[in-house]
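Student: Protein sequence lines correspond, in order, to chains A and B. The opening residue of the first sequence carries number 1 in the working numbering; numbering runs sequentially from there. The opening residue of the second sequence carries number 382 in the working numbering; numbering runs sequentially from there. Glycine residues also receive a C-beta, built at the ideal position from the N, C-alpha and C atoms. This one's a predicted model, so the numbers in the text were calculated from it and none came from an experiment.
There are 2 protein chains.
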Amino acid sequence: MSGSDEGDYRGGGVRAGAPGANLLAVRGHNTALVLGLLRAAGEAGASRLELAERTGLTPQAVSKITARLRDEGLAAEAGRRASTGGKPRTVLRLIPGARHAVGVHLDRDEITCVLADLTGRPVAVRRAPLDLAAGAGPVLAAAAGEVAALRTEAGGPPVLGAGVACPGPLDHTAGVLRQVTGAPQWDGFPLRDALADRLGLPVVLDKDTNAAALGLARAPEEAGGSFAYLHLGTGLGAGLVLGGALHRGPRTGAGEFGHQVVQLDGPRCACGRRGCVEALCLAAVARGDLPAAARVLGVAAANLVELLDVDRVLLGGRTVLAHPEEFRGGVARVLDGYAALRGRPVPAAGGAPAVPVALARGGPRTVADGAAELVLAGLFR
Amino acid sequence: MSGSDEGDYRGGGVRAGAPGANLLAVRGHNTALVLGLLRAAGEAGASRLELAERTGLTPQAVSKITARLRDEGLAAEAGRRASTGGKPRTVLRLIPGARHAVGVHLDRDEITCVLADLTGRPVAVRRAPLDLAAGAGPVLAAAAGEVAALRTEAGGPPVLGAGVACPGPLDHTAGVLRQVTGAPQWDGFPLRDALADRLGLPVVLDKDTNAAALGLARAPEEAGGSFAYLHLGTGLGAGLVLGGALHRGPRTGAGEFGHQVVQLDGPRCACGRRGCVEALCLAAVARGDLPAAARVLGVAAANLVELLDVDRVLLGGRTVLAHPEEFRGGVARVLDGYAALRGRPVPAAGGAPAVPVALARGGPRTVADGAAELVLAGLFR
DNA sequence: TGCACTTACGCAACAGCGTTGCCAAAGTGG
DNA sequence: CCACTTTGGCAACGCTGTTGCGTAAGTGCA
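(1) Kindly say whether B/G732, judged by its beta-carbon, lies nearer than 8 Å to any beta-carbon of chain A.
(2) Could you check which residue in B/T615, B/P648, B/R654 has the C-alpha nearest to that of B/V701?
(3) If you reduce the DSSP assignment to three classes, tell me which class B/F638 lands in.
(4) Helix, strand or coil for B/T590? Go by DSSP, reduced to three states.
(5) If we call anything under 8 Å between Cβ atoms a contact, is A/V231 one with A/T252?
(6) DSSP three-state call for A/C166: helix, strand or coil?
(7) Please classify B/A604 as buried or exposed, where buried requires at least 16 neighbouring CB atoms within 10 angstroms.
(8) Leaving out the 5 sequence neighbours to the left and right, which residues in its chain are closer than 6 Å to A/L177 when beta-carbon positions are compared?
(9) B/V666: which of B/G656, B/H704, B/L541, B/C650 sits nearest, CA to CA?
(10) Could you check the C-alpha separation between B/V738 and B/G625 for me, to the nearest Å?
(11) Along chain B, which residues have their Cβ under 7 Å away from the Cβ of A/N210?
(12) Measuring only the C-alpha atoms, how far is B/E687 from B/R449?
(13) Smallest Cα separation from A/V203: which of A/C166, A/G79, A/A238?
(14) Please list, in chain order, all residues of the same chain as A/E146 whose beta carbon is under 7 Å from its beta carbon, the five residues on each side excluded.
(15) Closer than 7 Å by beta-carbon distance: list the chain A residues that pair up with B/V643, in chain order.
(16) Leaving out five residues before and five after A/S4 in sequence, what residues of the same chain have Cβ atoms less than 7 Å from its Cβ?
(17) Rounding to the nearest angstrom, what Cα-Cα distance links A/T55 and B/G417 in this structure?
(18) What residues of chain B sit near A/S226, judged by a beta carbon separation below 7 Å?
(19) Could you check the C-alpha separation between A/H382 and A/R333 for me, to the nearest Å?
(20) Is there at least one Cβ from chain A nearer than 8 Å to B/L414's Cβ?
(21) Hey, out of A/R99, A/G330, A/G45, A/L314, whose CA is closest to A/V299's CA?
(22) Could you tell me whether any Cβ in chain A is nearer than 8 Å to the Cβ of B/D670?
(23) Please classify B/E754 as buried or exposed, where buried requires at least 16 other C-beta atoms within 10 Å of its C-beta.
(24) Assign B/G751 to buried or exposed, taking buried as 16 or more other Cβ atoms, counted over all protein chains shown, within 10 Å of its Cβ.
(25) Would DSSP call A/Q179 helix, strand or coil?
(26) For A/A52, I'd like the list of residues in its chain whose CB is within less than 7 Å of its CB, leaving aside the five on either flank, ordered along the chain.
(27) Sort B/A660, B/V643, B/H486, B/F761 by Cα distance to B/A651 and report the nearest one.
(28) Exposed or buried, B/V692, counting other C-beta atoms within 10 Å across all chains shown (16 or more means buried)?
(29) Please report whether the beta-carbon of A/G86 lies at a distance below 8 Å from any beta-carbon of chain B.
(30) What residues in the region 418 to 436 of chain B have a beta carbon less than 9 Å from any beta carbon of chain A?
(31) In terms of alpha-carbon separation, which member of B/L419, B/P648, B/G516 lies closest to B/L499?
(32) Can you give me, in chain order, the residues of the region 649 to 668 of chain B that have a beta carbon less than 7 Å from any beta carbon in chain A?
(33) Using C-beta distances below 7 Å, list every residue in its chain close to B/T465, excluding the 5 sequence neighbours before and after it, in chain order.
(34) Compute the beta-carbon to beta-carbon distance between B/L496 and B/V504, rounded to the nearest angstrom, for a pair I have assumed lies under 8 Å.
(35) Since B/A575 and B/V483 should fall inside the 8 Å C-beta cutoff, what is the C-beta to C-beta distance between them, to a whole number of angstroms?
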C-alpha cells in the first residue's frame with residue numbers, strides 16, 4: 001500500500017471543515033464501509049454479494065474494493081458458503097492481525113496500555129502504577145516506556161496510532177487537557193502533540209468515558225444504535241453514543257453526567273450545586289446503602305433515557321464493578337418502573353422492560369480497550 | 382429540471398439504509414452543500430470562489446454546480462463584488478421564490494398552515510380552530526382545505542412538499558402517530574401517507590418540538606451548532622439540535638423533557654413519577670409564582686446543557702410567550718450561577734454567562750415555520 | 001455421464017463526477 | 001496604453017462506480 005493514506009480511509013480527499021466530496025472521498029467512504037461490515041461479520045465473514053446488498057453498491061464495485069483490500073493485506077478469501085443451486089459465494093474475512101493500534105488509559109493512579117488488533121481485541125496488555133498529578137515529565141516518560149515495551153513485546157504488524165483516554169475536561173479537537181481535577185498543572189497542556197512526538201505515532205486524545213463508550217459501540221448488538229455508558233468510579237460520568245456515533249459536543253464537554261441535579265435544594269455537592277446525582281449516589285455508597293445509590297443512579301439514567309431515546313444503558317467503573325448486580329438491578333428496576341407507567345414502546349403489550357441495562361464489557365479494561373478504538377474508528381464505518 | 386430528483390438533492394443515488402456512495406450521491410451532496418451556503422449567505426450572496434473555499438471544492442467544480450442551479454432557476458447572478466486588483470467576483474444568490482414548501486402545525490385546538498419560500502420565510506399563513514380529538518376525518522379535511530386555500534391564494538412556483546408537526550409521541554420514519562394525549566383514537570394512524578394522498582404532495586411528519594427546533598436551526602447564528610429548544614405550553618417538551626442535525630432518537634422519542642425528575646420523592650406527576658419538571662413548573666405557574674417556575678425550568682435546562690454540551694438554550698411555547706422575560710431571565714440566572722461555580726469555558730476569565738438563553742424566533746408560528754423546514758431541509762446541507 | 005440451469009464474479013467499455021491546464025474576459029494601477 | 005491581477009469558462013483527463021457480457025463453478029435431472 002502507498003502508506004500515505006494508511007489509517008485514513010475516512011477522510012480521503014476531504015479536509016476538516018471542508019465538506020465537499022470528490023472521488024477520493026467516495027473511495028475512502030466506501031472502503032471504510034466495507035471494512036466496517038467485514039469487521040462486524042467477524043469469523044463468519046461476508047461474501048461479495050452480501051456486502052453489495054448491505055452497502056447498496058453493485059457487486060462489481062464491491063469486487064474492486066475488496067481486491068484493493070486484499071492487495072493491502074487487510075482482507076482475504078476464506079472458504080465458501082454452501083451452494084444455493086449455483087456457484088457458491090466466496091467468503092471474505094478481515095485479517096485482524098494486519099494492523100495494530102495502541103490504547104492508553106491514563107487514570108489518576110494507574111496507567112493501562114493495550115495493543116489491539118483490527119477487531120479491537122487486545123493482543124498485549126501492560127498496567128503500572130502512575131501518579132497523574134506528578135505532571136507532564138514523569139507521565140510522558142511512563143506512557144512512552146509502556147508503549148515501547150508493548151510494541152517490542154508483541155512485535156508484528158504496523159501500528160496505526162495511539163488513542164489516549166484521560167479523566168476530566170479536555171479538548172478532543174485540539175488534543176489539549178483542561179483542568180484535570182486534583183492536578184491543575186495539566187491545564188492547557190498539549191498532551192496529544194507531546195505524546196505524538198514521543199511515540200512517533202499519530203495520537204488521538206479523548207475523555208475516558210468517551211473512549212469507553214466508543215469501544216463498547218463496537219459490539220455487534222450496538223451496531224448503529226444509541227446507548228449511554230455510565231461510569232461510576234471516584235466520580236460519575238457518561239459517554240453517549242447516538243445513532244452509532246459518539247456525541248462529544250462542540251467542546252468535548254458532553255457526558256457531564258455527575259452533576260445532573262435530581263433533588264432541588266438537596267445536599268450541597270463539592271461542585272457548589274445542590275442535589276447532584278454524583279453526591280447523592282456516592283454518599284449512599286459511603287454509608288453502605290447500595291439500593292439507595294442504585295436508585296438515585298437509576299433516576300438520573302431514566303432522565304437521560306427519556307431525553308435522548310437511547311436503546312440501552314451500560315454501567316461501568318470501579319464502584320459499579322465492586323457490586324455489579326446491585327447496581328445493574330437497581331437501575332433496571334427504576335427504568336422498568338417508569339416504562340410500566342408510560343406507554344413507551346415495549347416488546348409485548350404491558351409493562352415489559354423498555355430499555356435494558358447491562359454491565360459494560362471489558363471490566364477494568366473498558367477504557368483502555370476503547371482508547372485503542374479511538375484510532376481504529378478511523379478505518380471503519 | 383427533470384422532476385425525478387426535484388426536492389431530493391440529499392439522497393441522490395443513496396437508498397435508505399444503503400450508505401454506499403456513488404457518483405450521483407457525490408453530485409447530490411455537493412449540490413445541497415452549495416445550496417445551503419447560498420441560503421446561509423442570504424441577500425449578500427456568495428461568489429464562486431467563496432463557495433469553493435468553504436466547500437473545499439475547486440472553483441471549476443463550483444462553476445459547474447452553480448451552472449446547473451442557474452439552469453434550474455434556483456440561483457442567479459446578482460451583481461459583483463468590489464475588485465481587489467483584478468476581475469471582480471460575480472455574486473450568486475439563491476432565488477427564494479423558485480420553490481415553495483408547506484408547513485402544517487396540528488395543535489390540539491388549532492391548525493396553522495404556512496407557505497414558505499426556499500429561505501423558510503412564510504409568504505402566506507392561515508390559521509383556524511381545530512379539534513384534534515375529533516379524529517382523522519375532520520382533521521384531514523381541515524388540513525387539506527387549508528393547504529389548498531393557501532396554494533390558490535399564493536399561486537406561484539412548484540411546491541416541494543408538506544411538513545406536518547403534531548404533539549405527542551409519533552414515528553417520524555413510518556409517518557405514524559402514537560398515543561396523542563387526550564386523543565387515543567389516533568394511535569397507529571398513518572397520518573403521513575393519508576395526508577400525502579389527500580394533498581398530492583410528499584409529506585414529512587414530525588413532533589412539534591422537533592419541527593420547531595429544525596426551523597430554528599436555520600438561523601445563521603446556529604449554523605452547524607448545538608442547541609436545545611424548550612417548549613412550555615400545556616406541557617413541556619424539547620427539540621435537540623446537535624452539531625447542526627436534529628436528534629430524533631431511534632424511535633423519534635428524543636426530547637421527552639417534561640418528565641425529567643429534578644426532585645426525588647417530590648410531588649406526584651400525572652405520568653406516575655414524582656418530581657417531574659413539568660409538574661413542578663406548571664404548578665408554580667398555576668399559583669402565579671413565575672420565578673419558581675423559571676428556576677425549576679432552569680435547573681432542568683442546566684442538566685441538559687451539562688449532559689449534551691449545547692451552545693444555546695431557546696425558549697418557546699404559549700406559557701413562555703405569556704411571560705417571556707420572566708422565563709428567559711430566570712433560566713439564564715440558573716445557568717449563569719452554575720457556570721460561575723464550575724470552570725466552564727467562558728468568554729473572559731471569571732463568571733461570565735457560559736450558555737446564552739434566548740427566546741425562540743417566530744413566536745406562535747415557530748412550529749408551523751419549522752414544519753415547512755422539514756421539507757426544505759432535504760434541499761440544503 | 002451428460003446436459004440444462006443457476007449463481008458468482010471478473011474483464012472491458014462506459015457515463016459522469018471533480019480536477020487540471022490553459023486561455024479569454026474584465027478589472028486595477030502606473 | 002500597457003503590464004499585471006483576478007475571475008471563470010472550455011477541454012482534456014483521471015478515477016469512481018455502473019453496465020454488458022463472458023467464464024467459472026456449482027446443482028439437479030435424465
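Tutor: A quick look at the data gives this:
(1) Its pLDDT being 42, under 50, B/G732 is placed unreliably in this model, and the coordinates cannot settle the point.
(2) B/T615
(3) coil
(4) Reduced to three states, the DSSP call for B/T590 is helix.
(5) Correcting the residue type first, residue 231 of chain A is His in the shown sequence and not Val. No, the Cβ-Cβ distance between A/H231 and A/T252 is not below 8 Å.
(6) strand
(7) Exposed is the call here.
(8) Cβ-Cβ distances below 6 Å link A/L177 to L170, W186, F189, L191 in the same chain, with the five nearest sequence neighbours on each side left out; the list follows chain order.
(9) Among B/G656, B/H704, B/L541, B/C650, the Cα nearest to that of B/V666 belongs to B/H704.
(10) 18 Å
(11) Chain B residues near A/N210: none, gap ~11 Å exceeds 7 Å.
(12) So the two alpha carbons sit approximately 44 Å from each other.
(13) A/C166
(14) I111, C113, R126, A128
(15) V261, V262, L264
(16) For A/S4, the pLDDT reaches just 36, beneath the cut-off of 50, and the residue's location in the model is therefore unreliable, leaving the point undetermined.
(17) 27 Å
(18) G630, P631
(19) The shown model of chain A, from 1 to 381, leaves out residue 382 of chain A, and the question about it has no answer.
(20) yes
(21) A/G330
(22) no
(23) buried
(24) buried
(25) It is coil, neither helix nor strand.
(26) T58, P59, V62
(27) B/A660
(28) Note that residue 692 of chain B is Asp in the sequence shown here, rather than Val. Buried: at least 16 other Cβ atoms inside 10 Å.
(29) no
(30) A433, E434, R435, T436
(31) Taking only the C-alpha atoms, the option nearest B/L499 is B/L419.
(32) C652, G653, R654
(33) Hits under 7 Å: none found.
(34) 5 Å
(35) Incorrect: roughly 15 Å between the Cβ atoms, too far for contact.
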